[in-house]
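Residue 172 in my numbering sits at position 172 of the sequence shown; the count goes up by one each step and never skips.
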Amino acid sequence: MTSIFLYYANICDYVRIGVLMIAVFFVLKAPITFIICYIISALCDAVDGNLARAFNQCSRLGAVLDMITDRAGTTILITALAVLYPTYAPICCLITFIDICSHWTHMYTSLIKGGESHKICSNPILHWYYTRSVLFTLCLCNEATFVMWYIRFFAQTNEYKWIIEGTPFLWYLLNTLLIISTPLCILKNLINIVQWYEAAKDLVDWEVQQNKSN
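Shown next, in the form of structure tokens:
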């Protein structure tokens with residue numbers, strides 16, 4: 001029997017963790033290297049769930065690894081944005097705070113109630129959010145918004161100004177995509193608040209039932 005630690009999906013998450021740890025050392029000084037690392041992590045994230053289902057290797061460890069690695073990667077990027085755009089540092093901190101608290105509370109509640117994944121929920125808004133197409137779109141736009149702000153900063157520095165001067169169409173495209181993705185990014189983070197509330201409510205309901213049964 002294969003150890004849960006060695007499930008293919010979990011190994012994929014270990015790769016993500018390693019790549020993100022490397023990315024930390026490049027995030028403020030080598031944006032191209034950082035973006036490559038971030039893309040590798042994102043590709044692994046797209047694959048791990050399919051691997052788990054294909055090989056019947058879904059596990060609670062896998063669900064936890066998937067969630068915390070997602071949070072870690074996003075936190076690295078938003079922390080960099082807080083440094084690069086100090087005026088918006090409070091907003092970056094608030095987004096990170098809500099994101100971590102919301103997902104951790106929801107994950108903990110799901111696991112303590114016996115759920116196999118943080119994506120199992122009864123709230124209609126969250127049920128809609130966790131449908132594959134909606135989840136993919138909002139998460140993609142959320143990450144894309146942060147990544148594009150990151151790229152936008154370096155594109156305006158002397159070292160990388162060729163992004164603007166040499167490829168004006170790409171610069172126009174970048175700004176256009178930012179306009180499109182930002183509202184969906186905001187929506188995603190508002191849903192995080194709903195998720196946090198519902199998770200806390202479910203946890204309280206579960207504890208009340210446990211106290212009654214005892």
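Beta carbons: idealized from backbone N, C-alpha and C, even for Gly.
Three-way DSSP call (helix, strand, coil) for residue i in this model
{"i": "I17", "result": "helix"}
{"i": "F25", "result": "coil"}
{"i": "T176", "result": "helix"}
{"i": "Y8", "result": "helix"}
{"i": "C185", "result": "helix"}
{"i": "N214", "result": "coil"}
{"i": "Q209", "result": "helix"}
{"i": "E198", "result": "helix"}
{"i": "N158", "result": "coil"}
{"i": "H118", "result": "A caution first: H118 carries a pLDDT of 49, below 50, which makes its placement in the model unreliable, though a value can still be read off. Note: H118 maps to coil in three-state DSSP."}
Residue i: first and last residue of the uninterrupted alpha helix (DSSP H) it sits in
{"i": "I39", "result": "31 to 54"}
{"i": "E143", "result": "132 to 155"}
{"i": "I125", "result": "124 to 129"}
{"i": "E165", "result": "162 to 165"}
{"i": "P90", "result": "89 to 112"}
{"i": "T2", "result": "No alpha helix (DSSP H) contains T2, which DSSP labels as neither H nor E."}
Candidates the options: closest to residue i by CA position
{"i": "M67", "options": "A30, I100, H127, Y38", "result": "I100"}
{"i": "W149", "options": "T131, D205, T79", "result": "T79"}
{"i": "L84", "options": "F5, Y8, F153", "result": "F153"}
{"i": "I125", "options": "F5, A199, T33, I191", "result": "I191"}
{"i": "T145", "options": "Y130, S133, L178", "result": "L178"}
{"i": "P219", "options": "A200, L81, L111", "result": "In the structure displayed, the chain extends from 1 to 214; residue 219 sits before or after that span and is not available."}
{"i": "L184", "options": "N158, R71, Y129", "result": "Y129"}
{"i": "V19", "options": "Y8, D70, L140", "result": "D70"}
{"i": "L187", "options": "Q156, I163, V134", "result": "V134"}
{"i": "E143", "options": "L65, A54, A72", "result": "A72"}
{"i": "T2", "options": "V15, A52, A46, T176", "result": "A52"}
is_contact[residue i, chain C] using C-beta, thresh 8 Å
{"i": "M67", "result": "Absent here is chain C; the protein component of the structure consists of one chain."}
Whole-Å CB distance - residue i paired with residue j, under 8 Å assumed
{"i": "I22", "j": "C12", "result": "The Cβ separation is near 16 Å, so there is no contact."}
{"i": "T223", "j": "T75", "result": "Nothing about residue 223 can be read from this structure; the chain reaches only from 1 to 214."}
{"i": "I193", "j": "I91", "result": "Not a contact, Cβ separation roughly 14 Å."}
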